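Novice: Sharing a structure with you now.
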Amino acid sequence: MSGYIDLHCHPLPGVDDGCRTADEGAQVLAGLARIGFRVVVATPHVRCPTWDNRPETVAPARAALEAAAGELRRAGAAMPEFHTAAEHLFDDVTWERLTSSEAMTYPGGRAALIELPYDNLPMKLELRLWRLQKTHKITCVIAHPERCAPLAKSDDRLEELLGAKPMLQLDVMSLTGAYGTAAKEAARRWLSQGRYHLAATDTHKPSDVPKVEEAIRVLRSLGGDAAVQKLLCDGPSSLVAV
Ligand SMILES: [Fe+2]
């Protein structure tokens with residue numbers, strides 16, 4: 031394995047509910063490198079009006095994080111390659127930004143991370159996903175679908191969603207029950223069915239890193255080395271130019 035790729039985490043300081051300081055963010059990056067991550071893409075929330083993140087609003091946080099990470103690197107810590115995108119709540123604001131090339135897509139611009147509300151699914155979800163794919167050439171990566179209650183309780187509903195060809199991103203910590211029993215059961219079920227295209231950590235703070243390490247151990251015990259290679263290496267690398 032040539033190193034994991036994390037396409038979902040929150041090390042940028044002060045822009046959402048992730049790391050509060052640049053030092054915390056640098057600790058997250060160093061921690062992820064220590065447990066095997068070669069590439070990390072920070073995905074601050076875009077949830078308007080609470081977190082109206084745009085490239086220009088996250089730039090100062092990125093600069094602060096890079097400075098703190100540089101200090102740790104000079105002190106001898108390994109650091110991952112680092113990029114920035116966003117985790118967009120799939121609402122009308124996000125639809126507008128995705129269709130006008132203003133969303134913060136993954137490196138390469140071919141894919142964007144979206145999150146669905148936890149307790150209901152947006153109107154016209156499949157139609158919009160399909161249009162983004164066909165007209166705008168953007169593949170939507172759905173963050174932690176197992177944490178979305180209407181999906182977790184209905185494999186038929188998941189099947190309908192998959193008709194629009196999104197990619198499903200497992201949150202590895204769902205496998206250990208970090209987000210409750212329903213998410214854990216759906217994650218393990220869909221993992222065994224081969225539903226996921228990739229996995230990610232959704233790390234928000236340094237103390238999440240040992241939990242992620244344990245979750246990857248569980249992923250390996252459930253799916254073997256092949257699942258780890260597919261979900262943390264091949265799946266994410268197929269989506270982004272890193
Ligand atoms: Fe997240």
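Using the numbering used here, the first residue of the sequence shown is number 31, and each one after it goes up by one.
Yeah, the Cβ is synthetic: ideal placement off N, Cα and C, and Gly gets one too.
As the structure is a computational prediction, the values presented were derived from the model and not from experiment.
Using 7 angstroms as the cut-off, classify the Cβ of Thr135 as near or not near the heavy atoms of ligand 1, replying yes or no.
Specialist: Position 105 of the sequence shown holds residue 135. No, the Cβ of Thr135 stays beyond 7 angstroms of every heavy atom of ligand 1.
Novice: With C-beta atoms as the reference, is Leu128 less than 8 angstroms away from Leu162?
Specialist: Within the sequence shown, numbered from 1, the residue matching residue 128 stands at position 98. Within the sequence shown, numbered from 1, the residue matching residue 162 stands at position 132. Going by C-beta atoms, Leu128 is nearer than 8 angstroms to Leu162.
Novice: Around ligand 1, which residues pass a check of Cβ closer than 5 angstroms to any of its heavy atoms?
Specialist: Counting every residue whose Cβ lies closer than 5 angstroms to a heavy atom of ligand 1, we get Glu117 and Asp232.
Novice: Under 8 angstroms, do Leu42 and Ala72 count as touching if we go by C-beta distance?
Specialist: Working through the sequence shown from its first residue, we reach residue 42 at position 12. Working through the sequence shown from its first residue, we reach residue 72 at position 42. The answer is yes: Cβ separation under 8 angstroms.
Novice: Taking the beta strand (DSSP E) that Thr114 belongs to, which residues open and close that run?
Specialist: Sequence index remark: in the sequence shown, residue 114 carries index 84 (1-based). Segment Glu111 to Thr114, the beta strand (DSSP E) holding Thr114.
Novice: So the alpha helix (DSSP H) Ala56 belongs to, where does it begin and stop?
Specialist: Counting from one through the sequence shown, the residue named residue 56 turns up at place 26. Residues Ala52 to Arg64.
Novice: Which residue comes first and which comes last in the alpha helix (DSSP H) that contains Asp232?
Specialist: Translated into positions along the sequence shown, residue 232 becomes position 202. Asp232 -> no alpha helix (DSSP H), and no H or E assigned at all.
Novice: Measure the C-alpha to C-alpha separation of Leu249 and Gly55 and round it to an integer number of angstroms.
Specialist: Within the sequence shown, the letter at position 219 stands for residue 249. Within the sequence shown, the letter at position 25 stands for residue 55. Going by the C-alpha atoms only, they are around 25 angstroms apart.
Novice: Can you list, in chain order, the residues of its chain whose CB lies under 6 angstroms from that of Ile65, leaving out five sequence neighbours each side?
Specialist: Walking along the sequence shown from the start, residue 65 turns up at place 35. If we look at Ile65 and ignore the five residues flanking it on each side, its Cβ neighbours are Glu243.
Novice: What is the residue span of the alpha helix (DSSP H) that Ile246 lies within?
Specialist: As a working note, residue 246 is residue 216 in the sequence shown. Start and end: Val239 to Gln259.
Novice: Does Thr231 pass the burial test, meaning 16 or more other C-beta atoms within 10 Å, or should it be called exposed?
Specialist: As a working note, residue 231 is residue 201 in the sequence shown. Thr231 is buried by the Cβ-count criterion.
Novice: How about His234 and Asp53: are their beta carbons less than 8 angstroms apart?
Specialist: As a working mapping, residue 234 is identified with position 204 in the sequence shown. As a working mapping, residue 53 is identified with position 23 in the sequence shown. No, Cβ-Cβ distance for His234 and Asp53 is not below 8 angstroms.
Novice: The beta strand (DSSP E) with Asp186 in it runs from where to where?
Specialist: Position 156 of the sequence shown, counting from 1, holds the residue named residue 186. First-last for Asp186: Asp185 to Leu192, but that is the alpha helix (DSSP H), not the beta strand (DSSP E).
Novice: Taking the CB atoms as reference points, tell me whether Ala212 and Ala182 lie closer together than 8 angstroms.
Specialist: For the purposes of this step, residue 212 is identified with residue 182 of the sequence shown, where counting begins at 1. For the purposes of this step, residue 182 is identified with residue 152 of the sequence shown, where counting begins at 1. Contact: yes.
Novice: Ignore the nearest five residues each way along the sequence and tell me which others in Asn150's own chain have a CB closer than 7 angstroms to its CB.
Specialist: By 1-based counting over the sequence shown, the position of residue 150 is 120. Here the set comprises Pro180.
Novice: Considering just the uninterrupted stretch of the alpha helix (DSSP H) at Arg92, what are its terminal residues?
Specialist: Mapped onto the sequence shown, residue 92 falls at position 62. Arg92 -> alpha helix (DSSP H) spans Pro85 to Arg104.
Novice: For the beta strand (DSSP E) containing Pro271, list its first residue and its last residue.
Specialist: For the purposes of this step, residue 271 is taken as the residue at position 241 of the sequence shown. It should be pointed out that residue 271 corresponds to Ala in this sequence rather than to Pro. From DSSP, Ala271 is part of no beta strand (DSSP E); its letter is neither H nor E.
Novice: Looking only at its own chain, which residues have a Cβ that is under 8 angstroms from the Cβ of Ala97, when we skip the five neighbours before and after it?
Specialist: Here residue 97 corresponds to residue number 67 of the sequence shown, with the count starting at 1. Contacts found: Ala52.
Novice: Enumerate in chain order the residues of its own chain whose CB-to-CB distance from Leu95 is below 7 angstroms, with the five nearest sequence positions on each side excluded.
Specialist: Here residue 95 corresponds to residue number 65 of the sequence shown, with the count starting at 1. The residues are Pro41, Leu42, Pro43, Ala52, Gly55 and Ala56.
Novice: Going straight from the alpha carbon of Glu145 to that of Met109, what length do you get?
Specialist: The sequence position of residue 145 within the sequence shown is 115, counting from 1. The sequence position of residue 109 within the sequence shown is 79, counting from 1. Approximately 27 angstroms between the Cα atoms of the pair.
Novice: Could you pull out every residue in the same chain whose Cβ sits closer than 6 angstroms to the Cβ of Trp81, ignoring the five residues on either side in sequence?
Specialist: As a working mapping, residue 81 is identified with position 51 in the sequence shown. Contacts found: Asp46 and His75.
Novice: Threshold first: 4 residues or longer. Then list the alpha helix (DSSP H) segments lying entirely within the stretch 119–204, N to C.
Specialist: 122–129, 155–164, 179–182 and 185–192, all fully within the stretch 119–204.
Novice: Is it right to say Lys167 is buried, meaning 16 or more other beta carbons lie within 10 angstroms of its own, or is it exposed?
Specialist: As a working mapping, residue 167 is identified with position 137 in the sequence shown. Exposed, by the Cβ-count rule.
Novice: Is DSSP giving Leu37 helix, strand or coil here?
Specialist: Taking the first residue of the sequence shown as position 1, residue 37 is located at position 7. Leu37: strand per DSSP, three-state reduction.
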